[in-house]
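Below: the structure, in structure tokens.
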Ligand SMILES: CC(C)(COP(=O)(O)OP(=O)(O)OC[C@H]1O[C@@H](n2cnc3c(N)ncnc32)[C@H](O)[C@@H]1OP(=O)(O)O)[C@@H](O)C(=O)NCCC(=O)NCCS
């Protein structure tokens, strides 16, 4: 898990609100438990088989550490003082994540940590390009779905990526995730390549992971 620069967060215009009162804002340290619980629950097919039943706690530990640092790439959607959505945007300028294994091990033990890191590595995106902003996480609480919260988050991440001078946004999605794929296609993402994975099928119960990409307006393909 990586982050984006604090300067970027600091230069963000005033938080955006929708008619239902949803606000998109940078995540704070105090949000770590809510973000950890939301990601563990919404992304259970990814985190339950890897981090196990203490996934929420483990994610909270890692995210809390990142949010304590000045630079991170986490954003939340908040309504009525509740975190109802979360997303993470990464760029090549992010500081490297350090101490992840040790922090995970403090929660789930070393055996589970080594397993989780190995299993999650098959989902990893690899080194980011200079012109790329990568969405590593996106989740909306089940009670808040189909209300445009993900749309708000994604549009916000687009704006952040553009403000950072990036020309394209990338993400991975599994082929069985119809909701997310419909969301991304609606936003102008197209399929770039895919990974057919035997191991992924065993662990994450999906046949294929798809790399999707969206070129930001005003930029041209190299
Ligand atoms: C995918 C997810 C983030 C969508 O969040 P959301 O706030 O409900 O999405 P929105 O309300 O902004 O939906 C925007 C559009 O996306 C598409 N969409 C969203 N959910 C959909 C669903 N369940 N089925 C079909 N299309 C869907 C629709 O086109 C929708 O527009 P519409 O409601 O006008 O038809 C949410 O379902 C989620 O958290 N899922 C679990 C975590 C996950 O899969 N994250 C993505 C990992 S790659």
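Residue numbers (the working numbering): 309 to 530. Ideal Cβ positions, reconstructed from N, Cα and C, are used throughout, including at glycine. Please read all numbers here as calculations on a predicted model, not as lab measurements.
With respect to 7 Å, is the separation between the Cβ of residue 457 and the closest non-hydrogen atom of ligand 1 below this value?
-> At least one heavy atom of ligand 1 sits closer than 7 Å to the Cβ of residue 457.
Ignore the nearest five residues each way along the sequence and tell me which others in residue 508's own chain have a CB closer than 7 Å to its CB.
-> 430, 514, 517
Length of the line joining the Cα atoms of residue 412 and residue 367 | Each residue's CA atom was taken as its position, placing residue 412 and residue 367 some 8 Å apart.
Taking 8 Å as the cut-off, decide whether the C-beta atoms of residue 493 and residue 392 are in contact.
-> No, they are not a contact pair.
Can you tell which of 499, 505, 477, 490 has its C-alpha closest to the C-alpha of residue 523?
-> 477
What are the residues that DSSP puts in a beta bridge with residue 519?
-> For residue 519, which the question treats as bridged, DSSP gives the partners 480, 501.
Cβ of residue 447 within 7 Å of any heavy atom in ligand 1?
-> yes
Evaluate the contact criterion for the region 327-337 versus the region 372-383: three or more CB pairs, one atom per stretch, below 8 Å.
-> yes
Under the assumption that residue 410 contacts residue 328 (Cβ atoms under 8 Å), give the Cβ distance between them as a whole number of angstroms.
-> That belief does not hold up - the Cβ atoms of residue 410 and residue 328 are roughly 40 Å apart, past 8 Å.
Using the rule of at least 16 other Cβ atoms within 10 Å of the residue's Cβ for burial, across every protein chain shown, is residue 399 buried or exposed?
-> buried
What residues in its chain sit with their C-beta under 6 Å from that of residue 421, if we drop five residues either side in the sequence?
-> 409, 412, 413
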